[in-house]
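**Student:**
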Amino acid sequence: MNGTAHAAIGAAGGFIVANTLHTDPVTTVFLVGLGGVSGLIPDLDIDGKLRGRITLSHKVIRTVAQLIGMMMIFYSFYEGTGTEKYIGIGIGLGMVGIASSIKQKHMLTITGVGVLAGGLSLEEIWLILLGVYIVGASVVSHRGYTHSVIGVIFFAIIASKLEASLGINGVYYACLVGYISHLVADSKLLPVNKRGIKLFLPFSTKEI
Ligand SMILES: [Zn+2]
Numbered sequence: 003m004n005g006t007a008h009a010a011i012g013a014a015g016g017f018i019v020a021n022t023l024h025t026d027p028v029t030t031v032f033l034v035g036l037g038g039v040s041g042l043i044p045d046l047d048i049d050g051k052l053r054g055r056i057t058l059s060h061k062v063i064r065t066v067a068q069l070i071g072m073m074m075i076f077y078s079f080y081e082g083t084g085t086e087k088y089i090g091i092g093i094g095l096g097m098v099g100i101a102s103s104i105k106q107k108h109m110l111t112i113t114g115v116g117v118l119a120g121g122l123s124l125e126e127i128w129l130i131l132l133g134v135y136i137v138g139a140s141v142v143s144h145r146g147y148t149h150s151v152i153g154v155i156f157f158a159i160i161a162s163k164l165e166a167s168l169g170i171n172g173v174y175y176a177c178l179v180g181y182i183s184h185l186v187a188d189s190k191l192l193p194v195n196k197r198g199i200k201l202f203l204p205f206s207t208k209e210i
C-alpha cells in the first residue's frame, strides 16, 4: 500500500475520532490532518533501505520531514518563549532546508536528530520522544519494530504527551487510530497482502 493510501485511511480514522468526540470544525480539521500524518509514521523505517525502487515513498518521507519542520516553526512561534522560540524556529527552518536538499540515506536520521534537538530546546517531551522514534526508525529494518506492538506503545506515549501539551481532546486517539490503521492495512488481515507485519517483535518473527 502506498503512502497516499495510508495517509487517506489515517485521515479517515482522525475524522471518526473527531465525529465521535463532537469536536468543533477547526479541531476536526486538525485531527483529520493528525490522523493522516500518523498513518504515514510507521513507514519512516523505509529510509534508504529500498531506495531506487520506491521513489514515491521517498517523496512522501521528504514531505513528512518538511511538514514536521514547518510544524516545528509554527509550534516554536506560538509556544516558545524568548531564545527558545528563535532556536526552535531556526531548527525548523534547518529541517525544511535539509529535507529539501538531502536526497538519500541519512536524511531521516538527520531529521530525527533535528527533532530531538528541537524537543530538548523547547523542553517538550513529546518532541524529544518523536526525535528518538525517528532516529530509531531510520536504523531498523523495514516493517520491523515500527510495525509492531512496541512501535504502537512508543507512539501512544508520544501521542499522550502531545495531547497533554496541546490540551486538545482527541489528539491522542486521532494519532493512535491513524498509526494502528497503517498496521492493519499492512497486515495479512487484508487478503491482498502476501507479506504481513511482525507484530510481536522481538518475541516472535511470525508475520501476522
Ligand atoms: Zn508500512
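First residue of the sequence shown? That's 3 in the numbering used here, and the numbers climb one at a time after it. Glycine included, C-beta positions come from ideal geometry on N, C-alpha and C. This structure is a prediction, so every number in the text was calculated from the model and none was measured.
Is the beta carbon of Asp-47 less than 7 Å from the beta carbon of His-184?
**Tutor:** Locating residue 47 in the sequence shown gives position 45, where the first residue counts as 1. Locating residue 184 in the sequence shown gives position 182, where the first residue counts as 1. No, Cβ-Cβ distance for Asp-47 and His-184 is not below 7 Å.
**Student:** For the alpha helix (DSSP H) holding Asp-188, just list the boundary residues, first then last.
**Tutor:** Within the sequence shown, residue 188 is the residue found at index 186, counting from 1. 173-188 is the span of the alpha helix (DSSP H), which, as asked, contains Asp-188.
**Student:** Kindly indicate the opening and closing residues of the alpha helix (DSSP H) around Met-97.
**Tutor:** The residue you call residue 97 lines up with position 95 of the sequence shown. Residues 84-103.
**Student:** Can you round the beta-carbon distance between Ala-20 and Gly-172 to whole angstroms, since I take them to be within the 8 Å contact cut?
**Tutor:** Numbered from 1 along the sequence shown, position 18 holds the residue referred to as residue 20. Numbered from 1 along the sequence shown, position 170 holds the residue referred to as residue 172. Contact holds; Cβ gap of about 6 Å.
**Student:** So, are the CB atoms of Ala-158 and Leu-33 less than 7 Å apart?
**Tutor:** In the sequence shown, counting from the first residue as 1, residue 158 sits at position 156. In the sequence shown, counting from the first residue as 1, residue 33 sits at position 31. Contact flag unset, no.
**Student:** List the endpoints of the continuous alpha helix (DSSP H) containing His-108.
**Tutor:** Position 106 of the sequence shown holds residue 108. From DSSP, His-108 is part of no alpha helix (DSSP H); its letter is neither H nor E.
**Student:** Should Asp-26 be counted as a contact of ligand 1 given a C-beta to heavy atom distance under 6 Å?
**Tutor:** Here residue 26 corresponds to residue number 24 of the sequence shown, with the count starting at 1. Asp-26 Cβ: outside cutoff for every heavy atom of ligand 1.
**Student:** Following the continuous alpha helix (DSSP H) through Gly-5, name the residue where it begins and the one where it ends.
**Tutor:** Numbered from 1 along the sequence shown, position 3 holds the residue referred to as residue 5. First-last of the alpha helix (DSSP H) with Gly-5: 5-23.
**Student:** Quick one: what does DSSP say Phe-202 is sitting in, helix, strand or coil?
**Tutor:** Counting from 1 along the sequence shown, the entry for residue 202 is found at position 200. Reduced to three states, the DSSP call for Phe-202 is coil.
**Student:** With DSSP collapsed to three states, give me the class of Thr-207.
**Tutor:** As a working mapping, residue 207 is identified with position 205 in the sequence shown. Correct three-state label for Thr-207: coil.
**Student:** Once DSSP output is grouped into helix, strand and coil, what is the label at Pro-44?
**Tutor:** Walking along the sequence shown from the start, residue 44 turns up at place 42. Looking at Pro-44 - three-state DSSP - the assignment turns out to be helix.
**Student:** Using 6 Å as the cut-off, classify the Cβ of Pro-204 as near or not near the heavy atoms of ligand 1, replying yes or no.
**Tutor:** Working through the sequence shown from its first residue, we reach residue 204 at position 202. No, ligand 1 has no heavy atom inside 6 Å of this Cβ.
**Student:** With distances taken Cα to Cα, identify the nearest neighbour of Gly-84 among Pro-27, Arg-64, Gly-94 and Leu-124.
**Tutor:** Here residue 84 refers to the residue found at position 82 when the sequence shown is read from its first residue. Answer by Cα proximity: Leu-124.
**Student:** Is it buried or exposed, Lys-163, if we count other Cβ atoms within 10 angstroms and call 16 or more buried?
**Tutor:** Here the question's residue 163 lines up with position 161 in the sequence shown. So Lys-163 counts as buried.
**Student:** Buried or exposed for Lys-190, please, with buried defined as at least 16 other CB atoms from any protein chain shown within 10 angstroms of its CB.
**Tutor:** Within the sequence shown, the letter at position 188 stands for residue 190. Exposed, because fewer than 16 other Cβ atoms sit within 10 Å of the Cβ of Lys-190.
**Student:** By a C-beta neighbour count over all protein chains shown, 10 Å radius and 16 as the cutoff for buried, is Ile-136 buried or exposed?
**Tutor:** If you number the sequence shown from 1, residue 136 lands on position 134. Label assigned to Ile-136: buried.
**Student:** Just the C-alpha distance for Ala-220 and Leu-95, rounded to the nearest angstrom, thanks.
**Tutor:** Beyond the ends of the chain as shown, which are 3 and 210, falls residue 220; an answer cannot be given.
**Student:** Which first and last residues belong to the alpha helix (DSSP H) in which Leu-131 is found?
**Tutor:** Reading the sequence shown from its first residue, position 129 is the one you call residue 131. Element bounds for Leu-131: 127-141.
**Student:** Could you check whether Gly-180 and Gly-5 sit closer than 7 Å to each other, using their CB atoms as the reference points?
**Tutor:** Taking the sequence shown and counting its residues from 1, one reaches residue 5 at position 3. Taking the sequence shown and counting its residues from 1, one reaches residue 180 at position 178. Contact flag unset, no.
**Student:** Where do the ends of the alpha helix (DSSP H) carrying Lys-163 lie?
**Tutor:** Looking up residue 163 in the sequence shown gives position 161. Here the alpha helix (DSSP H) through Lys-163 covers 151-168.
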